[in-house]
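A.B. asks: Can you read through this structure? Questions will come right after.
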Amino acid sequence: MKLRLTLLAIFTSVVLWGQNGTVSPYSYFGLGDFRAKSTVENRMMGGLSMLGDSIHINLQNPAAYGTLRLTTYAVGAHNKNYSFKAANEAATDEISDRGRVTNLDYLVLAFPLSPKSSFAFGIMPFSNVGYDLFKTSLNANQDEVSTSYRGSGGINRVYLATGYQPTEGLSFGIAAHYNFGNLAYDRYQSIDAVQLGTFDQREVTISGFDFTLSAIADRKVKLGAKEYRFHAMFNRELQMNLNASNTQTLGTFQTANGATRERLDVNLGTLAETTVEVPSKTTLGLGIGKDRNWFAGLEYSSQDMSQFRNDFLAVNNATYTAASTLKVGGYYIPDYAAINGIYNRITYRAGFRMENTGLLIEGDELQNKVVSLGFGMPIGSTANDRFSNLNIGLELGKRGTSTSTLVDEHYFGLNVGLSLNDRWFVKRRIN
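With this note's numbering applied, the sequence shown has no gaps in its numbers, which climb one by one up to 597 at the end.
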């Protein structure tokens, strides 16, 4: 059997729900490719989420809003280039392909409610489906059978979060997301020299809420003549129970021109309305640093993906097991208070992330390894926005391997984010 991957490079609109956010064949499984939930600043530190400060939005950890002191607008986008390799069934040949996507990642506004609390809201993608796969095989009569698989769509989320700092060094937060979107999965099959082919089209409309609870603690400690700050965090993403409205259409088409001959809407019975269950996820983190100078941290996440449930779109050769993620990263600022030399005030970031996704494809677990680095450059020019910054980062990642049943996927991403600060509700003084 031959396997050929046909992956289309699509430049997408800045309207989130109009995006085709991936060209990965792995978006065939589950709810598609889960998108990064972090800002560019956090993503360049391996995705660390434990840091909160007075000028940056933190999409992963709502407790960070307990320390936000300025109104902050954040927007981020990325361009990702993919390369794919896959072995044929006999492992005698290797097929390769490429793809590219450009997407908006988040658009968020946060502002202080009081000296001890802040509120944030925005919109961002949660997952994307986008693949175009083709395979040929021989049936019992030795006729060539051609099958194509195409998927599109995505799930987006409206984001609401608040954080509260009851005392210095301790913050709590909660985030709520409303998830919505449509996913489409099509299969077309034809036999050589037969005039009619068959198709199976499935569509899913997703909606539902989920919640995140978090806490951040930090404390200054003197070691000899030097003072450091230790950080700890806890984050709990509660189980998602998403409502899914499902439809399925079967039919035939003319292989010569693709015209549909017959269509039949399937009576799905109890599968017409289902619940997609995404298990809860727990993250713990520890870090150490020196305020406005440097930081290094580590986070570990665990999620029992064996409890993942998606009855309507279950795949025979895919199962799930426990998932985990290890993140390591940090930042360095040469001289935060430097008057001259913008390079002294640049924030340099780097990180590493390794994920055991919990997805087993014919018994092989899909892993994801990512190296990231980037910098944040001050761009503010007035007293009100002097902390605004432009953030640019690079990611180099790998999923799967062509030596097994998996596809070897490599990707290179360019990430750009703006964090714009302002002061609201400032009383004017007139002398």
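Don't be surprised by glycine CBs; every beta carbon is placed ideally from N, CA and C.
DSSP on N459, reduced to helix/strand/coil?
C.D. replies: In the structure shown, N459 sits in coil (DSSP, three-state: anything other than H, G, I, E or B).
A.B. asks: Quick check on the burial criterion: 16 or more other C-beta atoms within 10 angstroms. Buried or exposed for S547?
C.D. replies: Its Cβ having fewer than 16 others within 10 Å, S547 is exposed.
A.B. asks: Grab me the residues of A256's own chain with a C-beta within less than 6 Å of its C-beta, minus the 5 sequence neighbours each way, in chain order.
C.D. replies: A caution first: A256 carries a pLDDT of 49, below 50, which makes its placement in the model too unreliable to give a value.
A.B. asks: Compare the beta carbon distance of N407 and L434 with 7 Å and say whether it is the shorter of the two.
C.D. replies: No. Outside cutoff.
A.B. asks: Could you tell me the boundaries of the alpha helix (DSSP H) in which V573 lies?
C.D. replies: Careful: V573 lies outside any alpha helix (DSSP H) and carries neither H nor E.
A.B. asks: Taking one C-beta from the segment 346–356 and one from the segment 367–384 each time, how about it: are there three or more such pairs within less than 8 Å?
C.D. replies: Output reads yes: the segment 367–384 touches the segment 346–356.
A.B. asks: Inspect the CB distances between the segment 357–366 and the segment 304–312 and report whether three or more fall short of 8 Å.
C.D. replies: At 8 Å Cβ cutoff, the stretches touch.
A.B. asks: What are the start and end residues of each continuous beta strand (DSSP E) run of 3 or more residues lying completely inside the segment 276–352, in chain order?
C.D. replies: As far as the segment 276–352 is concerned, its whole beta strand (DSSP E) runs of at least 3 residues are 283–294, 297–304, 310–333.
A.B. asks: DSSP on V442, reduced to helix/strand/coil?
C.D. replies: The answer is strand: DSSP assigns V442 an E or B state.
A.B. asks: By the 10 Å Cβ neighbour count, where 16 or more other Cβ atoms means buried, how is I321 classified, buried or exposed?
C.D. replies: Buried, because 16 or more other Cβ atoms sit within 10 Å of the Cβ of I321.
A.B. asks: What does the Cβ neighbour count give for L572, buried or exposed, with the cut at 16 atoms within 10 Å?
C.D. replies: Looking at its Cβ environment, which holds 16 or more other Cβ atoms inside 10 Å, L572 is buried.
A.B. asks: Can you give me the start and stop residues for the beta strand (DSSP E) that V370 sits inside?
C.D. replies: First-last of the beta strand (DSSP E) with V370: 362–389.
A.B. asks: When you compare only the Cα positions, how much space is there between G424 and Y351?
C.D. replies: If you take the alpha carbons of G424 and Y351, they lie about 17 Å apart.
A.B. asks: Report yes or no: do the segment 467–482 and the segment 496–505 share at least 3 C-beta pairs separated by less than 8 Å?
C.D. replies: No, the segment 467–482 does not touch the segment 496–505.
A.B. asks: In angstroms, rounded to a whole number, what distance separates the CA positions of T238 and S220?
C.D. replies: Rounded to whole angstroms, T238 to S220 spans 9 Å at the Cα level.
A.B. asks: Is it buried or exposed, M224, if we count other Cβ atoms within 10 angstroms and call 16 or more buried?
C.D. replies: Reading off the sequence shown, one finds Asn at residue 224, where the question assumed Met. N224 comes out buried.
A.B. asks: Cα separation between Y194 and Q469?
C.D. replies: If I take the Cα positions, the gap works out to 21 Å.
A.B. asks: Taking Cβ positions only, does R429 come closer than 7 Å to chain D?
C.D. replies: The chain inventory of the structure shown lacks chain D, comprising one protein chain alone.
A.B. asks: What residues in its chain sit with their C-beta under 6 Å from that of E369, if we drop five residues either side in the sequence?
C.D. replies: Excluding residues within five positions, the ones whose Cβ falls inside 6 Å are A350, T413.
A.B. asks: Identify which residue in G455, G339, L492 has its Cα closest to the Cα of L389.
C.D. replies: The option with the nearest alpha carbon to L389 is G455.
A.B. asks: Run through the DSSP bridge pairs and tell me what R395 is partnered with.
C.D. replies: Paired residues: K386, G455.
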